[in-house]
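15 is the number of the first residue of the sequence shown in the working numbering; add one for each residue after it.
We put the beta carbon where it would ideally sit given N, CA and C, even for glycine.
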Amino acid sequence: MGSDDRPGAPMVGVDSRKESEKKSRSLAELFTRQLPRAVAMAYLMTGDRGVAEDLAQEAFIRLTGRFRHIRSPEAFDEYLRRTVVNLSLSHLRRRRVERAYLKKEGAGARPADHQAGLPDVATRSDLWALVQELPDRQRAAVVLRYYEDLSERRTAEVLKCSVAAVRSLVARAMETLRASVRGEQDG
Numbered sequence: 015m016g017s018d019d020r021p022g023a024p025m026v027g028v029d030s031r032k033e034s035e036k037k038s039r040s041l042a043e044l045f046t047r048q049l050p051r052a053v054a055m056a057y058l059m060t061g062d063r064g065v066a067e068d069l070a071q072e073a074f075i076r077l078t079g080r081f082r083h084i085r086s087p088e089a090f091d092e093y094l095r096r097t098v099v100n101l102s103l104s105h106l107r108r109r110r111v112e113r114a115y116l117k118k119e120g121a122g123a124r125p126a127d128h129q130a131g132l133p134d135v136a137t138r139s140d141l142w143a144l145v146q147e148l149p150d151r152q153r154a155a156v157v158l159r160y161y162e163d164l165s166e167r168r169t170a171e172v173l174k175c176s177v178a179a180v181r182s183l184v185a186r187a188m189e190t191l192r193a194s195v196r197g198e199q200d201g
């Protein structure tokens, strides 16, 4: 019986255990459904499949602790998207610092092979290879607007900037991409 030995007394912990099991199943279902998308988004940000998988898993680990506070699947999607973008941007900053240090020390940083292990979403078009060359914030804006299909307002929320800043980031990214495409066609 529970902590109260009277017949018919409620079983302490049974309801909370069932609720916990239900939440665990819900989280597992979200993980299974959203992991490929999170990996693809992180890959488009970082250009490295292994790093993308690590970042997506890290995002889920961080959200697991907050899962009970998330009100809906849509809210979970927003938190996941924001977490993946933030982790990707942090990774890119660290990588830039590491490369600068290696270059300063004379070890020379080798450029990443952006073609190795591309997920299907990136192999459909050579354009994603060009997106990899964009500055981090422009790349994040392009991935959120055109891969995640977010509105300018929602992109601004994820990037924690104004809608005007999103427009500017996307416009500069598109101009850079146009120039790259023209350069490839001329060369």
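Practice problem: Identify, in the order they occur along the chain, each residue of the same chain with its Cβ nearer than 7 Å to the Cβ of Gly150, setting aside the five sequence neighbours on each side. | Solution: In the sequence as displayed, the identity of residue 150 is Asp instead of Gly. So the list reads Leu103 and Leu106, once near-sequence residues are dropped.
Quiz item: Is it true that the stretch 178–192 meets the stretch 163–170, where meeting means three or more beta-carbon pairs spaced less than 8 Å apart?
Solution: Output reads yes: the stretch 163–170 touches the stretch 178–192.
Quiz item: Mind checking Arg39: buried by the 16 CB within 10 Å criterion, or exposed?
Solution: Exposed, because fewer than 16 other Cβ atoms sit within 10 Å of the Cβ of Arg39.
Quiz item: Can you give the beta carbon distance from Gln146 to Gly61, rounded, assuming they're within the 8 Å contact cut?
Solution: Between Gly61 and Gln146 the Cβ distance is about 4 Å, and since that is below 8 Å, they are a contact.
Exercise. Would you mind reading off the limits of the alpha helix (DSSP H) that contains Phe81?
Key: Neither: Phe81 is in no alpha helix (DSSP H) and is coded neither H nor E.
Practice problem: Write down every uninterrupted run of the alpha helix (DSSP H) in the stretch 162–197 whose length is 4 residues or greater and which is fully enclosed by it, in chain order. | Solution: With a minimum length of 4 residues, the continuous alpha helix (DSSP H) runs that stay inside the stretch 162–197 are 166–173.
Quiz item: Is Asp91 helix, strand or coil by DSSP?
Solution: In the three-state DSSP reduction, Asp91 falls in the helix class (H, G or I).
Quiz prompt | Pairwise C-alpha distance: Arg186 and Thr78 | solution = Using only the alpha carbons, I get a separation of about 36 Å.
Self-check item: Between the CA atoms of Met55 and Val98 - distance to the nearest angstrom
Solution: The straight-line gap from Cα to Cα measures roughly 7 Å.
Exercise. Out of Ser86, Glu92, Trp142 and Thr190, point me to the one whose CA is closest to Ser165's CA.
Key: Cα-wise, what sits closest to Ser165 is Glu92.
Exercise. Compare the Cα-Cα distances from Arg85 to each of Leu41, Met59 and Leu173 and report the closest residue.
Key: When each option's Cα is compared against that of Arg85, the closest is Leu41.
Quiz item: From Arg47 to Ala154, what distance separates their C-alpha atoms?
Solution: Straight-line Cα distance between these residues: approximately 22 Å.
Quiz item: Within this structure, are the beta carbons of Val184 and Val156 separated by less than 8 Å?
Solution: By the CB criterion at 8 Å, Val184 and Val156 fall inside the cutoff.
Practice problem: Classify Val65 as buried or exposed, calling it buried when 16 or more other Cβ atoms lie within 10 Å of its own Cβ. | Solution: By the neighbour-count rule (16 or more Cβ atoms within 10 Å), Val65 is buried.
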